[in-house]
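Peer 1: The opening position of the sequence shown corresponds to residue 25 in the numbering used here, with each subsequent residue numbered one higher.
Sending over a structure as C-alpha coordinates; questions will come in a sec.
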Amino acid sequence: VRYVFKTKRNEFINATSLKEVETSITEGYRQLTDLVVRTGVRRMVHETMDMLLSMTDEIRLRSVSNTLDLDYLGRCQEIVRKNLVDLIALHAHMGNDKDSIFFHLSVRLGKLNMGAL
25 VRYVFKTKRN
35 EFINATSLKE
45 VETSITEGYR
55 QLTDLVVRTG
65 VRRMVHETMD
75 MLLSMTDEIR
85 LRSVSNTLDL
95 DYLGRCQEIV
105 RKNLVDLIAL
115 HAHMGNDKDS
125 IFFHLSVRLG
135 KLNMGAL
(Lines of atoms letter the chains of each structure in order from A and count residues from 1; the text may use other names and numbers.)
(Lines give C-alpha, C1' and ligand atoms only; values in the text may rest on other atoms or scores of the structure.)
Protein backbone atom coordinates (compact mmCIF):
# COMPACT_ATOMS: atom_id res chain seq x y z
CA VAL A 1 0.00 0.00 0.00
CA ARG A 2 2.82 2.39 0.88
CA TYR A 3 4.53 1.59 -2.40
CA VAL A 4 1.38 2.42 -4.37
CA PHE A 5 0.88 5.73 -2.55
CA LYS A 6 4.56 6.66 -2.84
CA THR A 7 4.80 5.94 -6.57
CA LYS A 8 1.51 7.70 -7.32
CA ARG A 9 2.60 10.73 -5.25
CA ASN A 10 5.78 10.93 -7.31
CA GLU A 11 3.73 10.66 -10.51
CA PHE A 12 1.49 13.53 -9.32
CA ILE A 13 4.50 15.71 -8.56
CA ASN A 14 6.12 14.97 -11.93
CA ALA A 15 2.93 15.15 -14.00
CA THR A 16 2.88 17.75 -16.75
CA SER A 17 -0.76 17.37 -17.76
CA LEU A 18 -4.14 16.63 -16.29
CA LYS A 19 -4.29 13.46 -18.38
CA GLU A 20 -1.19 12.08 -16.63
CA VAL A 21 -2.75 12.81 -13.24
CA GLU A 22 -6.01 11.07 -14.23
CA THR A 23 -4.07 8.07 -15.53
CA SER A 24 -2.08 7.90 -12.31
CA ILE A 25 -5.27 8.05 -10.21
CA THR A 26 -6.87 5.29 -12.28
CA GLU A 27 -3.81 3.04 -12.04
CA GLY A 28 -3.48 3.68 -8.30
CA TYR A 29 -7.12 2.83 -7.73
CA ARG A 30 -6.75 -0.38 -9.74
CA GLN A 31 -3.61 -1.39 -7.83
CA LEU A 32 -5.24 -0.73 -4.45
CA THR A 33 -8.35 -2.65 -5.49
CA ASP A 34 -6.19 -5.60 -6.54
CA LEU A 35 -4.44 -5.51 -3.16
CA VAL A 36 -7.77 -5.54 -1.31
CA VAL A 37 -9.01 -8.49 -3.37
CA ARG A 38 -5.79 -10.44 -2.82
CA THR A 39 -5.81 -9.72 0.91
CA GLY A 40 -9.43 -10.79 1.32
CA VAL A 41 -8.92 -13.96 -0.68
CA ARG A 42 -5.74 -14.85 1.18
CA ARG A 43 -7.57 -14.41 4.46
CA MET A 44 -10.29 -16.74 3.22
CA VAL A 45 -7.72 -19.33 2.15
CA HIS A 46 -5.96 -19.18 5.51
CA GLU A 47 -9.29 -19.48 7.35
CA THR A 48 -10.16 -22.50 5.21
CA MET A 49 -6.83 -24.17 5.91
CA ASP A 50 -7.21 -23.48 9.66
CA MET A 51 -10.69 -24.99 9.57
CA LEU A 52 -9.37 -28.10 7.81
CA LEU A 53 -6.59 -28.49 10.38
CA SER A 54 -9.10 -28.14 13.24
CA MET A 55 -11.32 -30.73 11.58
CA THR A 56 -8.35 -33.10 11.31
CA ASP A 57 -7.58 -32.63 15.01
CA GLU A 58 -11.23 -33.28 15.91
CA ILE A 59 -11.27 -36.48 13.83
CA ARG A 60 -8.06 -37.62 15.53
CA LEU A 61 -9.49 -36.92 19.01
CA ARG A 62 -12.79 -38.66 18.24
CA SER A 63 -10.89 -41.63 16.83
CA VAL A 64 -8.78 -42.00 19.96
CA SER A 65 -11.81 -41.65 22.26
CA ASN A 66 -13.93 -44.07 20.17
CA THR A 67 -16.61 -41.42 19.52
CA LEU A 68 -15.98 -41.08 15.79
CA ASP A 69 -19.07 -41.88 13.74
CA LEU A 70 -19.91 -41.97 10.04
CA ASP A 71 -22.28 -39.00 10.28
CA TYR A 72 -19.47 -36.73 11.45
CA LEU A 73 -17.13 -38.06 8.76
CA GLY A 74 -19.81 -37.48 6.14
CA ARG A 75 -20.27 -33.86 7.24
CA CYS A 76 -16.50 -33.36 7.19
CA GLN A 77 -16.29 -34.82 3.70
CA GLU A 78 -18.97 -32.44 2.41
CA ILE A 79 -17.21 -29.45 3.96
CA VAL A 80 -13.88 -30.48 2.44
CA ARG A 81 -15.42 -30.99 -1.00
CA LYS A 82 -17.18 -27.61 -0.88
CA ASN A 83 -13.97 -25.85 0.14
CA LEU A 84 -11.98 -27.70 -2.50
CA VAL A 85 -14.44 -26.60 -5.19
CA ASP A 86 -14.21 -23.00 -3.92
CA LEU A 87 -10.40 -23.03 -3.95
CA ILE A 88 -10.27 -24.52 -7.44
CA ALA A 89 -12.74 -21.86 -8.64
CA LEU A 90 -10.56 -19.14 -7.10
CA HIS A 91 -7.52 -20.59 -8.82
CA ALA A 92 -9.36 -20.66 -12.15
CA HIS A 93 -10.43 -17.04 -11.64
CA MET A 94 -7.02 -15.78 -10.49
CA GLY A 95 -5.05 -17.54 -13.21
CA ASN A 96 -1.90 -19.64 -13.18
CA ASP A 97 0.47 -17.10 -11.69
CA LYS A 98 3.35 -19.17 -10.28
CA ASP A 99 3.70 -16.77 -7.34
CA SER A 100 0.03 -17.05 -6.47
CA ILE A 101 -1.02 -18.90 -3.34
CA PHE A 102 -3.88 -20.34 -5.39
CA PHE A 103 -1.48 -21.92 -7.83
CA HIS A 104 0.37 -23.72 -5.04
CA LEU A 105 -2.84 -24.73 -3.24
CA SER A 106 -4.50 -26.02 -6.39
CA VAL A 107 -1.40 -28.04 -7.27
CA ARG A 108 -1.35 -29.58 -3.78
CA LEU A 109 -5.10 -30.12 -3.63
CA GLY A 110 -5.19 -31.42 -7.18
CA LYS A 111 -3.05 -34.36 -6.05
CA LEU A 112 -5.73 -35.42 -3.55
CA ASN A 113 -8.20 -38.02 -4.70
CA MET A 114 -11.54 -36.60 -3.58
CA GLY A 115 -13.68 -38.72 -5.86
CA ALA A 116 -16.33 -37.08 -7.98
CA LEU A 117 -16.85 -33.48 -6.93
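Quick reminder that beta carbons are idealized off the backbone N, C-alpha and C, glycines included.
Which runs of the alpha helix (DSSP H) fall wholly inside the segment 46-130 and span at least 4 residues, in chain order?
Peer 2: Listed in chain order, they are 94-118.
Peer 1: Below 8 Å on the Cβ atoms is my guess for residue 92 versus residue 83; work out the distance and round it to an integer in Å.
Peer 2: What you label residue 92 is simply residue 68 of the sequence shown in a count that begins at 1. What you label residue 83 is simply residue 59 of the sequence shown in a count that begins at 1. At roughly 7 Å, the Cβ-Cβ gap stays under 8 Å, so residue 92 and residue 83 are in contact.
Peer 1: CA-CA distance, residue 48 and residue 114?
Peer 2: Here residue 48 is taken as the residue at index 24 of the sequence shown, counted from 1. Here residue 114 is taken as the residue at index 90 of the sequence shown, counted from 1. Rounded to the nearest angstrom, the two C-alpha atoms are 29 Å apart.
Peer 1: Would you say residue 28 and residue 64 are within 7 Å of each other, going by their C-beta atoms?
Peer 2: Taking the sequence shown and counting its residues from 1, one reaches residue 28 at position 4. Taking the sequence shown and counting its residues from 1, one reaches residue 64 at position 40. Contact flag unset, no.
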